[in-house]
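What follows is a single structure, written as structure tokens, with notes after it.
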Amino acid sequence: MRNGIAELLAGRRVESVGGGTRLELGLTGRVSVRVVQDFRFAAPPPAGPVAGGSASGAPTTVEHVFPALAFRPTAALSALVGRTVESALITLAGGLELGFAGGGVLSVPPDARLAPWSVLGAEGVLCAGLPGGEVVWAEAEAGAG
Numbered sequence: 614m615r616n617g618i619a620e621l622l623a624g625r626r627v628e629s630v631g632g633g634t635r636l637e638l639g640l641t642g643r644v645s646v647r648v649v650q651d652f653r654f655a656a657p658p659p660a661g662p663v664a665g666g667s668a669s670g671a672p673t674t675v676e677h678v679f680p681a682l683a684f685r686p687t688a689a690l691s692a693l694v695g696r697t698v699e700s701a702l703i704t705l706a707g708g709l710e711l712g713f714a715g716g717g718v719l720s721v722p723p724d725a726r727l728a729p730w731s732v733l734g735a736e737g738v739l740c741a742g743l744p745g746g747e748v749v750w751a752e753a754e755a756g757a758g
């Protein structure tokens with residue numbers, strides 16, 4: 614499985630986080646990540662002291678979000694604005710995982726019936742997770758002729 618997703622996304626800064634019936638992460642360079650299916654966001658523990666000890670011992674908060682039900686980005690998701698995508702991975706099953714500077718991991722599992730995620734540029738879809746876990750890249754279509 615190709616994992617050029619890291620080359621495409623790592624190092625880009627999050628410029629916006631949108632909700633509604635999908636999660637839309639606007640990144641630098643006119644690239645966006647769109648998630649239309651269930652996803653999880655493991656937010657880093659809060660900074661600073663917490664009751665009973667330091668923040669380093671605080672548990673990570675995991676949010677399970679269902680965009681199909683319409684949602685507003687939580688404070689933890691909104692806090693991604695200004696942070697950088699540190700890592701990006703397409704899982705063997707066709708899911709997408711993004712890690713962010715300062716902590717936090719967005720995980721989008723594959724879906725048997727729907728295309729759960731896509732990465733878009735100014736000219737359209739750059740790559741996407743399709744139903745059943747298949748992943749397609751725009752350049753594969755261009756080079757197929």
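For the sequence shown, the residue numbers in my numbering are 614 to 758. We treat Cβ as the ideally placed atom computed from N, Cα and C, and that holds for glycine. From a predicted model like this one, the values you see are computed outputs, not experimental measurements.
Entirely within the region 676 to 729 and at least 4 residues each: give me those alpha helix (DSSP H) ranges in chain order. 688 to 691
Measuring CB to CB, does Thr-697 end up less than 8 Å from Arg-626? yes
Who does Val-644 pair with in a DSSP beta bridge? Leu-640
Drop a sphere of 10 angstroms on the beta-carbon of Gly-609, count the other beta-carbons inside from all chains shown, and report buried for 16 or more, exposed for fewer. It is not possible to answer for residue 609, since the shown part of the chain is limited to 614 through 758.
Opening and closing residue of the alpha helix (DSSP H) in which Ala-619 lies: 618 to 622
Taking C-beta to C-beta, are Arg-635 and Val-649 nearer than 8 Å? yes
Closest to Thr-673 by C-alpha separation, out of Ala-656, Ala-692 and Ser-720, would be which residue? Ala-656
Pro-686 versus Leu-638, Ser-731 and Gly-708, residue with shortest Cα-Cα distance: Leu-638
Measuring alpha carbon to alpha carbon, tell me which residue in Gly-624, Gly-633, Phe-652 and Phe-654 is nearest Thr-641. Gly-624
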